[in-house]
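Please read the structure below before turning to the comments.
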Amino acid sequence: MSLNIEPFNSVWWILVAITIALIVLIKLLYHDRDEAMRRSLVISLCLFNLLVFIWYKYNLSQDAEFMADYNMETFNIWMELPLQLCNINIWLIPVALMLRNERLTAFCFYTAPLGALMAMVSPVAAFSGDLLLPRNIGYYGMHCIDIVNGVSLLTLGLFKPQLRDVPWVLGILAAGTAVMHMVNMTIRAVGLGPANYLFTFGTDGSGALEALWSLVPVPLLYLYLVLPLVAAWLYGLTALLILPQRRREKSPQISA
């Protein structure tokens, strides 16, 4: 049986529907539990996703077709660490929840679903085709779970959106991108491989990033062109999320 997947085809939309259904189911089952239980649940889901990530990367290391597509003679683990925007929240969400750091939790909420969805919308060629291939099960499974975990921060009441969080999220994103560039430079300098986490050294064929690179073909700096768009999206989404609460606060209270 073959289930071919590519962005926006029927199989892709079924995965999106399953992801939304899981978010709703988790909310229905756990929204009225105590905070410690809800916090532990999301951390546990992230740890499960970490196991999925490890299984996925192991399968990539055994995938001759994947290795050939990327001209890899051997699998380089230094190129496959969970440091991309689409998978960094696998371990960052548990850190934020255990530290009870509201700003870091805000960063995780905004970036986990966004990064994972971007990966699903624009996968490289190796991750199209038969969904039942181990590499595709791992790729799409990991990203769907990441979306569930990120959105569940909101739906389980572990994160409350506020406009004042947006500058902090933008700051963490900007600083984190610069730090990741230094990580890439270090990995390259010691000869471990051409690391390109967060695409600071180039686009790796991403159409959206190619447009930015054509304007400013300078490693790292070209990524900062997108910050105004990210800021507009963050403020717009936050305003949309807090609007119902504001309306409830302004509505007249009827006493019995």
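Residues 10 to 265 (the numbering used here) are what the sequence shown spells out, left to right. A virtual CB, placed ideally from N, CA and C, is assigned to each residue, including glycine. Please read all numbers here as calculations on a predicted model, not as lab measurements.
Cβ-based burial, Leu-209 [other Cβ within 10 Å; buried from 16]: One detail in the question is off: residue 209 reads as Thr in this sequence, not Leu. Result: buried.
Cβ neighbour criterion (16 or more within 10 Å) applied to Ala-241: exposed
Three-pair Cβ contact test at 8 Å for the region 67–75 versus the region 136–151: Segments in contact, yes.
Given 8 Å, three or more beta-carbon pairs between the region 86–103 and the region 111–123: yes
Anticipated Cβ contact below 8 Å, Arg-255 with Leu-167, distance rounded: At roughly 21 Å, the Cβ-Cβ gap does not stay under 8 Å, so Arg-255 and Leu-167 are not in contact.
Within 8 Å, strictly: CB atoms of Lys-36 and Leu-165: Taking 8 Å as the Cβ cut-off, Lys-36 and Leu-165 qualify as a contacting pair.
Identity of the residue in Ile-196, Ala-45, Val-130 nearest Leu-108 by Cα: Closest option to Leu-108, Cα to Cα, is Ala-45.
Closest Cα partner of Ile-181 within the set Arg-112, Asn-58, Ser-53, Ile-86: Comparing Cα positions, the closest option is Arg-112.
CA nearest to the CA of Leu-252, picked from Leu-172, Leu-236, Ser-53: Leu-172
Secondary structure of Ile-97, DSSP reduced to three states: coil
Segment contact, 8 Å Cβ cut-off, at least three pairs: the region 131–147 with the region 196–208: no
Simplified DSSP assignment, three categories, for Asp-41: coil
Nearest-angstrom Cβ-Cβ length linking Trp-87 and Ala-204, presumed shorter than 8 Å: 6 Å
DSSP state of Ala-265 mapped onto helix, strand, coil: Residue placement at Ala-265 is poorly supported in this model, since its pLDDT is 44, which falls under 50; the coordinates still yield a value, given next. Coil.
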